[in-house]
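Peer 1: I am attaching a structure below and will ask some questions about it afterwards.
Protein chains: 2
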Amino acid sequence: MKSTHFSAAALAALLLVLPAGAQQATPAVQVAPGSVPEFGTMWTFDAPPLDYWQARHGFRPDQAWLDHLRLAAVRLPGCSSSFVSPDGLIMTNHHCARSCIARVSPPETNYLRTSFTAATRDEEVRCPGTYVDQLVSIEDVTGTIRGAITAATAAEQVAQRDAAIQAMQARCEKDSGLRCQVVAFFNGGMYSLYQYRRYDDVRLVFAPEQEAAAFGGDPDNFTYPRFDLDVSFMRAYENGQPLRSAHWLSWSEAGAADGEAVFVVGNPGSTGRLLTLAQMEYLRDVSYPASLADYQRRLDLLRRLSAESPEAARQYEVTILGIENSYKATNGYLTGLLDEGIMARKAAFEKDFRGRIEADPALKATYGAAWDEIAGAQLELATFATQSRHYAMGGSTLAGRALGLVRLAGQAALPAAQRLPGWDEAGMERVKEGLLRDQPLDVKLEKGQLAMWLATAQKELGDGDPLVRAFLQGRTPEAAAEALLAPSTLGDVAARKALVDGGARAVQSSTDPFIVAARELEATANSYVRHAAQLGSVISANAEKLGQAIFAAYGTALPPDATFTLRISDGVVKGFPYNGTIAPYKTSFYGLYARSAEFDDKPPFQLTEQWKMAESKLDMKTPMNFVSTADIIGGNSGSPVVNRAGEVVGLVFDGNIEMLPNRFIFTDEVSRCVSVHSLAITEALRRVYDAAHIADELKAARR
Amino acid sequence: MKSTHFSAAALAALLLVLPAGAQQATPAVQVAPGSVPEFGTMWTFDAPPLDYWQARHGFRPDQAWLDHLRLAAVRLPGCSSSFVSPDGLIMTNHHCARSCIARVSPPETNYLRTSFTAATRDEEVRCPGTYVDQLVSIEDVTGTIRGAITAATAAEQVAQRDAAIQAMQARCEKDSGLRCQVVAFFNGGMYSLYQYRRYDDVRLVFAPEQEAAAFGGDPDNFTYPRFDLDVSFMRAYENGQPLRSAHWLSWSEAGAADGEAVFVVGNPGSTGRLLTLAQMEYLRDVSYPASLADYQRRLDLLRRLSAESPEAARQYEVTILGIENSYKATNGYLTGLLDEGIMARKAAFEKDFRGRIEADPALKATYGAAWDEIAGAQLELATFATQSRHYAMGGSTLAGRALGLVRLAGQAALPAAQRLPGWDEAGMERVKEGLLRDQPLDVKLEKGQLAMWLATAQKELGDGDPLVRAFLQGRTPEAAAEALLAPSTLGDVAARKALVDGGARAVQSSTDPFIVAARELEATANSYVRHAAQLGSVISANAEKLGQAIFAAYGTALPPDATFTLRISDGVVKGFPYNGTIAPYKTSFYGLYARSAEFDDKPPFQLTEQWKMAESKLDMKTPMNFVSTADIIGGNSGSPVVNRAGEVVGLVFDGNIEMLPNRFIFTDEVSRCVSVHSLAITEALRRVYDAAHIADELKAARR
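Chains as they are written, first to last, in the numbering used here: chain W, 1 to 703; chain F, 1001 to 1703.
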């Protein structure tokens, strides 16, 4: 096993880390020069596709180039970011810093509305709880983890694997003082130990108005042409002083140009490119339609409540935006799965993959049954997916709490081995914390969602179902919601605390109507959880087999599915066919003012006062956003886009709507990564915001 | 029969003109208040849908309003236009005046490049051959035309009908001194006599640069958002003086506003909303795919030739644009026919329609067989559509001429009754004129298209086909093209004249290789023409039956298919869902400068010098183009868009790409009519062009 700490000395010796069993690999068909890999281009830093980049872009970076990018990029929880000055200046999206911006706003102001510029370093204000992680080493630990697995049953194997991972992480943190994470690639086909240096003093430096950062709001979300200044700057501090970072990205003078090769460095969260056809069909036919219907119902309810008063509208605004966002994304994924061309490509790949495995008797014996076992489990999951969903009781806050209270009492009384999956000591502690959090109950909303959930359950499960009978008791959903809520005390944290503390005895004797129903239904609810978990472990064990089989079939040239760890994706700055014509590779400040004027300056297309006042000072031709064929997904927000010189030419903040199906198969005919152009950032800092000193810091940081 | 001359006195007495047989009509299902009629909204002026407008827009115009619009609108050949001042000022599209603009450009200038403004009336320059027609009366003549049809066979019936129409038109022109046209509506289900006053002294007043009028070129053609100043002004003169028109449209001060009801008055050319499913399937499966393949081949050839030199590029530019336009349109129609939703709606309508006819024994006896007879004829046409296409020899200029010469000699020798359809005296005269027109032959292009045609014929008809054998004689298409062209004299007008004048004897003894081949193939070519014509008459006779049946089934509330006669369509100014977000109801000057900047000012997105220089003077928020749900199609170009007050708020110049399938079924979810906003016209006249006096004339003409 080879450790690849990226110290300056070790760099020259870096080799591709080969997973066990890759020796028999035939050449990867997906990455023929000039073609686009169906598995995408989210390359790991320990396996940069140098030949592929040479063939596609005529560019072969050296190891120093790669290491520099890796160390200049830092991971924010849920997002990506990068150092862009030797004084620890960090660039990320506005939407990645939103909670910090809200929290550091003084009582009388809201920086989300007003924008924020620290005029001096003294004014830079610490973001509570915010930290960034810098990836300092990657080590292949597949052998060690696999070696720890000796048991015969799947459940025991999983436990052994998890224990080995925990142990390795703990030892690593103790030894190095760094943050250590064992990352499972290819569904567990390969394990790597990632070590991070954490910087936990992060301060806000600059943020534009939310309305400028997210111009176009929900309608323009996931689309392009686009006109968003979705940027913010923070600064890492060490010992109370700005971090003297050795690695930072230089700022390009010209920014992204049409047709040039670009590289996105960031932390894509999750893709499903190794999913089997059966898994995709389950998402298409079962999961996504149910989620969309649920989002739609919740949106209908929240919009109805919002219509009642301006106060209610304000109250539900953020929740509505979040659900709309989920709806649009899920609908985009579903669109991809409903696309016959995409499914045909997936089917062709799976046929080829299976063919390669079945052609070799040894491979066939080890991996050949995996597809059918997954398909069987997915089919069985589908038979009770509706029941599972309703018996989780997530449709009502109080019903969910009641089930949590009943389960907590029951599971605590059981020996560990007999508990439900996830209900170990830590899991029970989390449930308890949730139950004891003192949040006021929105009675109107709860009444609405309870009635809605019961109506849906009645329709989907039928009048004879025990859950429907227990909650409705022959009443209409609305009447039942009224009757259940009136006497219930579960909205009160003290009442919940009494039940938590009172344990099984208190729960057994409670007459709260939600507790009564949850007691009656718990056994059935638990049986669904166990059944789903058992099928889930069949799927995950076989998916791991496929993650190993893929090496045997195609070698090591494929990038693994996203794992919210650092990747580098290559792409080209390029417009695309859209709307019967062509979308340009970039937008402009002209376009921002156009889109606002064309909607008569109405929200979410209104310009802020600062932008209105700045118009005469701006170079209106300044590029605002641009598109490239880089491969990104949620988690990549805030990733820097760099050119061959490693200079910042842009900042990733979104994909177009055509990119959503890339979750399953990467294509680049019309799917595009959407970024803020680097010139828009400096022009806005200088002319719209009183922040020329930040633009100057970026300029001075040029190498 | 009721004559409805729209004299001031007769206006109050105007009634809906009912066609014969409409008495049994059940209420029209398509125009329920609030719903959108599938047959569209291209209403005739003698049947304005007052109740429908009342229900949809809360607006019930009086007869004076309707008459005023009818008389202010004037028809340009192939286009629409309107009087917009008491001094005969005519507004239409730039693309409707393009040939005039080119022809009146002095030798050293090209007004298409430079723009043109007549500073005074003396500078207004006459457009040779241009005239406009004003619709002064409409009369239902269905009874008279039908009464003239007494024969038993379809061919004789057609001849009788055509004779009756010719006679009526001639008598009308003699009596009134006006232009008279009998218009067949509903495939001949109804006939109306339209009388026009013609103004044939029309002078160019203003035209912007072609690059501003058609900004975005082919890519943006048929799309929206759009940024085109597709306007020109002309002026009608009478006796050498500007026409004192009693009817002109007043200019709106505010222009089109979001959500307002608008009316488009113009001459839509042709729709196929009464087509049967079988006819649509023929277009979908036979006609359109063949046309698209042909366009594609021609584009490939012309682009190849254009790449050879800048001169060649200039030479073929207009032809390429024209074919690209046809390609995009045909592809849009095909997209509609391939849309399962659209075909399902059509099928549902046809089922309902047939059900209504079959429910009444008398109607069933008269009309019930029409659908199946049409379907049978279309199926039979499909069996030799490929042969028909190639044997027409349109793929080569010289082959086409050779077939014309051979046929001319042959047909002239036959008695009238035995000639091919269309080869009466007038038809032969037109063929002769075409053959004797002195146009230089583009040898390079002819060689390319000949080789391309022969290669296609070989592929589609097979080596054994007589046409393939006659032209190829075992050679490759390229070699055959060389060998055929070298000795041929048909490129020379004198040689053609000798063959025309020499008649059958000269043609028989010619050794020109094209003539030799055409002689050999003529009989077969003629048999395809006759067969297609026979099936065509079956289709047209049955389509006419359906045009009568539609009254019996649905009454008179449906607007007829477009006939390039004056219609008024209602709609609403309204954006639409597009590209995952929303298209605004209007665009702006900001947007024009944005789209240019975003393509780095490259053609076809470059701004002209005049526009670049004007930027600082412009109100950049000025609306540029806007969209509405009005129902338009080719021929509507140049139609004024008016508000309830009858004032000009815009100028129709295109539809979006989603509108193309409206040819078959009208929908308004996403299909939109695209117009120049009236404010863009006056702002550009004042600030970009030295033409404030024209803006002043429009302003002074406000009532």
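Here a beta-carbon is modelled for each residue, glycine too, at the ideal position from N, C-alpha and C.
1) Whole angstroms are fine: how far does the CA of Met1042(F) sit from the CA of Arg1273(F)?
2) So that I know if they touch, is there some Cβ in chain W lying closer than 8 Å to that of Ile1320(F)?
3) Taking one C-beta from the segment 1493 to 1501 of chain F and one from the segment 1472 to 1482 of chain F each time, how about it: are there three or more such pairs within less than 8 Å?
4) Val1318(F) and Asn1643(F) look like a contact to me (Cβ under 8 Å); what is the Cβ gap, rounded to whole Å?
5) Ignore the nearest five residues each way along the sequence and tell me which others in Ser716(W)'s own chain have a CB closer than 6 Å to its CB.
6) Using a Cβ-Cβ cut-off of less than 7 Å, give me the residues of the segment 1572 to 1599 of chain F that come near chain W, in sequence order.
7) Give a yes or no on whether 8 Å exceeds the smallest Cβ distance from Pro107(W) to chain F.
8) Given a cut-off of 8 Å, decide if Tyr1191(F) and Thr1142(F) are closer than it, judged by their beta-carbon atoms.
9) Using a threshold of 8 Å, state whether the C-beta atoms of Ile681(W) and Val264(W) are closer than that.
10) Identify every residue that forms a DSSP beta bridge with Met190(W).
11) Ignore the nearest five residues each way along the sequence and tell me which others in Arg1469(F)'s own chain have a CB closer than 6 Å to its CB.
12) Check whether chain W comes within 8 Å of Lys1432(F), counting only Cβ atoms and requiring the distance to be less than that.
13) Taking the alpha helix (DSSP H) that Pro1477(F) belongs to, which residues open and close that run?
14) List the residues of chain W whose Cβ lies closer than 7 Å to the Cβ of Phe1222(F), in chain order.
15) Helix or strand or just coil, what does DSSP make of Gly1040(F)?
16) Please report how far the alpha carbon of Asp1140(F) lies from the alpha carbon of Leu305(W), in whole angstroms.
17) Residues bridged to Gly1655(F) by DSSP?
18) Select from Tyr237(W), Tyr333(W), Ala257(W) the residue whose C-alpha is nearest the C-alpha of Met280(W).
19) Apart from the five residues just before and just after Gln1705(F), which ones in its own chain have a Cβ nearer than 6 Å to its Cβ?
20) Could you check where the beta strand (DSSP E) with Ala1207(F) kicks off and where it finishes?
21) From Pro1027(F) to Gly1188(F), what does the alpha carbon distance come to, in whole angstroms?
22) Run through DSSP, which three-state label would Arg1686(F) get?
23) Does DSSP put Gly355(W) in a helix, in a strand, or in coil?
24) Are Ala1684(F) and Pro1208(F) touching if we call contact CB-CB under 8 Å?
25) I'd like to confirm the pairing. Which residues does DSSP put opposite Thr1117(F) in its beta bridges?
26) Kindly say whether Pro1219(F), judged by its beta-carbon, lies nearer than 8 Å to any beta-carbon of chain W.
27) Taking Cβ to Cβ, would you say Val1182(F) is nearer than 8 Å to Met1168(F)?
28) Compare the C-beta of Ile1657(F) with all C-beta atoms of chain W and state if any pair is closer than 8 Å.
29) Going along the chain, which unbroken runs of the alpha helix (DSSP H) with 4 or more residues stay wholly within the segment 592 to 670 of chain W?
30) What are the partner residues of Tyr1578(F), as DSSP defines its beta bridges?
31) Which runs of the alpha helix (DSSP H), 4 residues or longer, sit entirely within the segment 1483 to 1569 of chain F?
32) State yes or no: is the beta carbon of Met1343(F) nearer than 8 Å to at least one beta carbon in chain W?
33) Per DSSP, Leu1076(F) forms a beta bridge with which residues?
34) Arg126(W) bridges to which residues according to DSSP?
35) I need the boundaries of the alpha helix (DSSP H) containing Thr1397(F), first residue and last residue.
36) Just how far apart, CA to CA, sit Pro513(W) and Pro219(W)?
Peer 2: Reading it off the structure:
1) Near 11 Å, if we compare the C-alpha coordinates of Met1042(F) and Arg1273(F).
2) No - not a single Cβ of chain W is within 8 Å of the one on Ile1320(F).
3) The segment 1472 to 1482 of chain F and the segment 1493 to 1501 of chain F do not touch, with fewer than three beta-carbon pairs separated by less than 8 Å.
4) Not confirmed; about 36 Å, so no contact.
5) Since the first residue of chain W shown is 1 and the last is 703, residue 716(W) is not available in this structure.
6) Sequence-ordered contacts of the segment 1572 to 1599 of chain F with chain W read Tyr1578, Asn1579, Gly1580, Thr1581, Ile1582, Pro1584, Lys1586, Thr1587, Ser1588, Tyr1590, Gly1591, Tyr1593, Ala1594, Ala1597, Glu1598, Phe1599 [C-beta pairs closer than 7 Å].
7) Not a single CB atom of chain F sits nearer than 8 Å to the CB of Pro107(W).
8) For Thr1142(F) and Tyr1191(F), yes; Cβs fall inside 8 Å.
9) For Ile681(W) and Val264(W), no; Cβs fall outside 8 Å.
10) BP columns for Met190(W) point to Phe185(W).
11) For Arg1469(F), where only same-chain residues beyond five positions count, there are no Cβ hits under 6 Å.
12) Under the 8 Å criterion on CB atoms, Lys1432(F) is classed as non-interfacial with respect to chain W.
13) Element bounds for Pro1477(F): 1477 to 1485.
14) Within chain W, the residues near Phe1222(F) are Gly580.
15) DSSP, reduced to helix, strand and coil, places Gly1040(F) outside both helices and strands of the structure shown, so it counts as coil.
16) For Asp1140(F) and Leu305(W), the distance between alpha carbons rounds to 57 Å.
17) Answer by DSSP bridge pairing, in chain order: Cys1673(F).
18) Looking at the Cα atoms, Tyr333(W) is the closest of the given residues.
19) Residue coverage of chain F in this structure runs from 1001 to 1703, which leaves residue 1705(F) outside it and unanswerable.
20) Segment 1201 to 1207, the beta strand (DSSP E) holding Ala1207(F).
21) Its pLDDT being 32, under 50, Pro1027(F) is placed unreliably in this model, and the coordinates cannot settle the point.
22) In the three-state scheme derived from DSSP, where H, G and I count as helix and E and B as strand, Arg1686(F) is classed as helix.
23) Secondary structure of Gly355(W) (DSSP, three-state): helix.
24) Yes, they are a contact pair.
25) Per DSSP, Phe1206(F).
26) Pro1219(F) belongs to the set of residues whose beta carbon lies under 8 Å from a beta carbon in chain W.
27) It is a contact, given that the beta carbons lie within the stated cut-off.
28) It does; some Cβ of chain W falls within 8 Å.
29) For the segment 592 to 670 of chain W, the continuous alpha helix (DSSP H) assignments of 4+ residues that do not extend past its boundaries occur at 609 to 614, in sequence order.
30) DSSP output for Tyr1578(F) lists Thr1581(F) as bridge partner(s).
31) DSSP runs (the alpha helix (DSSP H)) wholly in the segment 1483 to 1569 of chain F: 1493 to 1509, 1513 to 1554.
32) No, Met1343(F) does not count as interfacial toward chain W.
33) DSSP lists Cys1079(F) as the bridge partner or partners of Leu1076(F).
34) For Arg126(W), which the question treats as bridged, DSSP gives the partners Arg203(W).
35) Start and end: 1397 to 1412.
36) Rounded to whole angstroms, Pro513(W) and Pro219(W) show a C-alpha spacing of 42 Å.
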